[in-house]
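Trainee:
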Amino acid sequence: MSGAFAANAAQAEVRRPEPIPLRGTPVDPDPYPVDALGVIAAAATRSIMRRVQVPDALAAHSVLSAVALAVQGHVVVRLPTLEVKPVSLFLTTVADSGDRKTASDKLACAAIDEHEADLSVEYQREKLIYQSAHASWKSIKDQIAKDHKGDYAQIREAVERHGAPPQEPLLPAMIVPPGSTQGVLHILEHGRPSVGLYHNDGGAWLGSWGMSDENLTATIAAYSDLWDGKPIKTLTKGEGYKYLPGRAFSFHVMFQSFYVDRMFGNQEMREQGFLARMLPAKPKTLAGTRLHEVGAIEPVEIADALADFKERLATIIRTQLPMNPERMNALERAELSFDPEGQRLFWEFYNHIEQQQGKGGILSGIRGFAGKAAENACRLAAVIHVFQVGRREATIRAEYMAAGIQLMNFYISEALRLADHGVVDQLILEAEELSEWLKDKYAAPEIGMSHIQQRAPRSLRKLPVDRVREICALLARNDHLTPIPAGTTIDGKRCKEAWVVNVR
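Counting from 1, one number per residue, gives the positions in the sequence shown under full-length UniProt numbering.
#1: From the DSSP output, in three-state form, read off residue 277 for me.
#2: Any contact between the segment 233-251 and the segment 178-191? By contact I mean 3 or more CB pairs, one from each, below 8 Å.
#3: Could you name the residues of the same chain whose beta carbon sits closer than 6 Å to that of residue 10, not counting the 5 residues immediately before and after it, in chain order?
#4: Would residue 369 pass as a contact of residue 405 if the rule is Cβ separation under 8 Å?
#5: So who's on the other strand from residue 442, going by DSSP bridges?
#6: Pairing CB atoms from the segment 24-32 with CB atoms from the segment 64-79, are three or more of them under 8 Å?
#7: Sorted by chain position, which residues of the same chain lie with C-beta nearer than 8 Å to residue 217's C-beta, five sequence neighbours on each side aside?
#8: Within a Cβ cutoff of 6 Å, which residues of the same chain sit near residue 180, ignoring the five residues on either side of it in sequence?
#9: Under three-state DSSP, which class holds residue 94?
#10: Taking residue 377 and residue 408 to be in contact with their CB atoms under 8 Å, please state how far apart those CB atoms are, rounded to whole angstroms.
#11: Anyone know if the C-beta pair for residue 65 and residue 89 falls short of 8 Å?
#12: Write down the C-beta distance between residue 70 and residue 316 rounded to the nearest angstrom, noting that I regard them as a contact closer than 8 Å.
#13: When burial is assigned at 16 or more other CB atoms within 10 Å of the CB, is residue 47 buried or exposed?
#14: Check residue 210 in the structure and name its three-state DSSP category.
#15: Just grab the DSSP bridge partners of residue 383 for me.
#16: The beta strand (DSSP E) spanning residue 252 covers which residue range?
#17: Tell me the DSSP secondary structure of residue 12 in three-state form.
#18: Thinking C-alpha only, which one of 457, 55, 448 is nearest residue 497?
#19: Helix, strand or coil for residue 123, going by three-state DSSP, please let me know.
#20: Can you round the beta-carbon distance between residue 282 and residue 418 to whole angstroms, since I take them to be within the 8 Å contact cut?
#21: So, at 7 Å on beta carbons, what are the nonlocal neighbours of residue 34 in its own chain, with the 5 sequence-adjacent residues on each side left out?
#22: Does the segment 396-404 touch the segment 331-351, meaning 3 or more C-beta pairs lie closer than 8 Å?
#23: Give me the DSSP bridge partner(s) of residue 86.
#24: Helix, strand or coil for residue 220, going by three-state DSSP, please let me know.
#25: Could you spell out where the alpha helix (DSSP H) holding residue 405 opens and where it closes?
#26: Buried or exposed: where does residue 223 fall if 16 or more other Cβ atoms within 10 Å of its Cβ makes it buried?
#27: Using 8 Å as the threshold, is the segment 117-134 in touch with the segment 158-169, meaning 3 or more CB pairs across them?
#28: Leaving out the 5 sequence neighbours to the left and right, which residues in its chain are closer than 8 Å to residue 116 when beta-carbon positions are compared?
#29: Nearest to residue 484 by alpha carbon, out of 499, 473, 478?
#30: Per DSSP, which residues does residue 495 bridge with? Please list them.
#31: Which stretch, first to last residue, makes up the alpha helix (DSSP H) that contains residue 463?
#32: According to DSSP, simplified to helix, strand and coil, what is residue 236?
#33: Alpha carbon to alpha carbon, how far is residue 290 from residue 50? Give it in angstroms, no decimals.
#34: Identify whether residue 296 lies in helix, strand or coil by the three-state DSSP scheme.
#35: Which term fits residue 20, buried or exposed, when burial requires 16 or more other beta carbons within 10 angstroms of its beta carbon?
#36: For residue 432, which residues of its own chain have a beta-carbon under 7 Å away from its beta-carbon, when the five flanking residues on both sides are left out?
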């Protein structure tokens, strides 16, 4: 039953206030600077955009992640600060179901997928040879122990003559699925020392064993160390101490909008610095606009551009990685550096970013991300340089440093946009949930505190009453609710706390 307050309001023809959105109006993203990717990669990006009909940043991230994986195993870059860093990239793309993330990745990573399939066939063949060779080696070693039982000196001499065991073939994985951190480290130890964790379902990654509450800290710390180029160091009771230098690891996970708050709102990921290493993009969806002209023939330049990209990518990824078997297959990569003009551009960009991180500066709210912007610009420049002109040219020209800076300016704008609109306080999320429930599921014009605690969605019913008061106060400040006097009768109950529902 409606209360007396609502009846009086109706008689007085009081108009309900218009609810104010709990979040600011989202700002559209800047256009992705596709041309900055270099001629070959830019043409491939535009071809994916046209064939698959995906936003610019989504296609660009598919291409850029493939290129980073190909290049990272062959080169490192000396920054103008004189630090030597990997060229690995950590990318994250926000796109909803139906935005064709999988199709975009499939085109960009075709050469990688084919090479990985070839490596898998070769691995199975070499594994059979290894198993036979190892069985023979072990048989001889066991016989040595029997022949020289109790004589350590003779056993040692015979074992040294016998030689080291045969080398197990490397696991063929190039793109690893989400799972445990130990699984990723296992592949980096027993497989190729250069891999990428690429996945088009960020929810599955966030829900994986490695990202559970008890494992989150270890996972993001390990991935951050890999981005930094630090050796892998592990100590376990079962396997003891391990030291694995010279590994390369890139990351690209695509998230649905639903998971943005869970990802970018995670305090531990922010404070640890994991998110500061990420290059984010949240393109505007094209859903509803991707109409196809019946009978239209795809322009030949689309297939040509994709073929050129695939051929270039295949050339790099099929080049033998510079591994040193004496150092646990550590990568011994060529070192790139910048020409004088490129160094000048770096320092100008560095100073510009530094000045904006101070109190009241435009980048003060994303200081962690901004602090790594100059380094990420160098990584991007190095990746584009190698893919475009080859790894034998050790000096990165200024045009590629300028391209890296142009790309970083885009990522800075995206980081600011996500900080303003993507990371939402938990109180706002709870208030939005209650407002939606009131709009869609609650028919009465008034509601009391007891009604919320008994009928609202389960996640809200579990909250303490003080938290529910905070939620209702926020909704009242934004005209989703209007407080009414204590003692109002709703459904036959006198309510100490009650509100008029304005969302209809």
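We put the CB at the ideal spot given by N, CA and C, even for glycine.
Mentor: Let me spell this out:
#1: Position 277 of the sequence shown, counted from the start, is the residue given in the question as residue 277. Residue state, collapsed to three classes: helix.
#2: yes
#3: Stepping through the sequence shown from its first residue, residue 10 is reached at position 10. Any reading at residue 10 must be qualified, since the residue scores a pLDDT of 47, below 50, and its modelled position is unreliable; the value itself is stated next. Nothing meets the Cβ criterion.
#4: By one-based count along the sequence shown, residue 369 stands at place 369. By one-based count along the sequence shown, residue 405 stands at place 405. No, the pair does not count as a contact, with Cβ atoms beyond the cut-off.
#5: Here residue 442 is taken as the residue at index 442 of the sequence shown, counted from 1. Residue pairing from DSSP leaves residue 442 without any beta-bridge partner.
#6: Result no; under three Cβ-Cβ pairs closer than 8 Å.
#7: Counting from one through the sequence shown, the residue named residue 217 turns up at place 217. For residue 217, where only same-chain residues beyond five positions count, the Cβ hits under 8 Å are 268, 272.
#8: Position 180 of the sequence shown holds residue 180. Taken in chain order, the residues that qualify are 209, 210.
#9: Position 94 of the sequence shown, counted from the first residue, corresponds to residue 94. Looking at residue 94 - three-state DSSP - the assignment turns out to be strand.
#10: Position 377 of the sequence shown holds residue 377. Position 408 of the sequence shown holds residue 408. Contact holds; Cβ gap of about 4 Å.
#11: Along the sequence shown, one-based indexing puts residue 65 at 65. Along the sequence shown, one-based indexing puts residue 89 at 89. Going by C-beta atoms, residue 65 is nearer than 8 Å to residue 89.
#12: Here residue 70 corresponds to residue number 70 of the sequence shown, with the count starting at 1. Here residue 316 corresponds to residue number 316 of the sequence shown, with the count starting at 1. Indeed they touch by this definition, with Cβ atoms about 4 Å apart.
#13: By one-based count along the sequence shown, residue 47 stands at place 47. Under this definition residue 47 is a buried residue.
#14: Residue numbering aside, residue 210 sits at position 210 when the sequence shown is read from its first letter. Correct three-state label for residue 210: helix.
#15: In the sequence shown, counting from the first residue as 1, residue 383 sits at position 383. DSSP, once it has assigned bridges, lists no residue as partnering residue 383.
#16: One-based indexing of the sequence shown puts residue 252 at position 252. Run containing residue 252: 248-255, per the beta strand (DSSP E) assignment.
#17: Position 12 of the sequence shown, counted from the start, is the residue given in the question as residue 12. Here the model assigns residue 12 a pLDDT of 42, short of 50, so the residue's position is not dependable and the matter cannot be decided.
#18: The residue given as residue 497 occupies position 497 in the sequence shown. Out of 457, 55, 448, 448 has the C-alpha closest to the C-alpha of residue 497.
#19: Residue numbering aside, residue 123 sits at position 123 when the sequence shown is read from its first letter. It is helical.
#20: To locate residue 282, count along the sequence shown from 1; it is residue 282. To locate residue 418, count along the sequence shown from 1; it is residue 418. So it is a contact: roughly 6 Å between Cβ atoms.
#21: Residue numbering aside, residue 34 sits at position 34 when the sequence shown is read from its first letter. So the qualifying residues of the chain are 42, 45, 46, 56, 60.
#22: yes
#23: Within the sequence shown, numbered from 1, the residue matching residue 86 stands at position 86. In the DSSP output, where bridge partners are listed per residue, residue 86 has 76.
#24: As a first step, residue 220 must be located in the sequence shown, where it is residue number 220. Reduced to three states, the DSSP call for residue 220 is helix.
#25: Position 405 of the sequence shown, counted from the start, is the residue given in the question as residue 405. Residue 405 -> alpha helix (DSSP H) spans 398-417.
#26: Within the sequence shown, residue 223 is the residue found at index 223, counting from 1. By the 10 Å Cβ count, residue 223 comes out buried.
#27: yes
#28: On the sequence shown, position 116 is the one that residue 116 refers to. If the five residues before and after residue 116 are omitted, its C-beta is found closer than 8 Å to the C-beta atoms of 172, 173, 174, 175, all from its own chain and listed in chain order.
#29: One-based indexing of the sequence shown puts residue 484 at position 484. The shortest C-alpha separation from residue 484 is found at 499.
#30: Against the sequence shown, residue 495 aligns to sequence position 495. Answer is 488.
#31: For the purposes of this step, residue 463 is taken as the residue at position 463 of the sequence shown. Where residue 463 is concerned, there is no enclosing alpha helix (DSSP H), given that its DSSP letter is neither H nor E.
#32: Taking the sequence shown and counting its residues from 1, one reaches residue 236 at position 236. Here residue 236 sits in strand by DSSP.
#33: Within the sequence shown, numbered from 1, the residue matching residue 50 stands at position 50. Within the sequence shown, numbered from 1, the residue matching residue 290 stands at position 290. Answer to the nearest angstrom: the Cα atoms are 10 Å apart.
#34: As a working mapping, residue 296 is identified with position 296 in the sequence shown. Of the three classes helix, strand and coil, the one that applies to residue 296 here is coil, per DSSP.
#35: By one-based count along the sequence shown, residue 20 stands at place 20. Looking at its Cβ environment, which holds fewer than 16 other Cβ atoms inside 10 Å, residue 20 is exposed.
#36: Here the question's residue 432 lines up with position 432 in the sequence shown. Cβ neighbours of residue 432 beyond the five flanking positions: 22.
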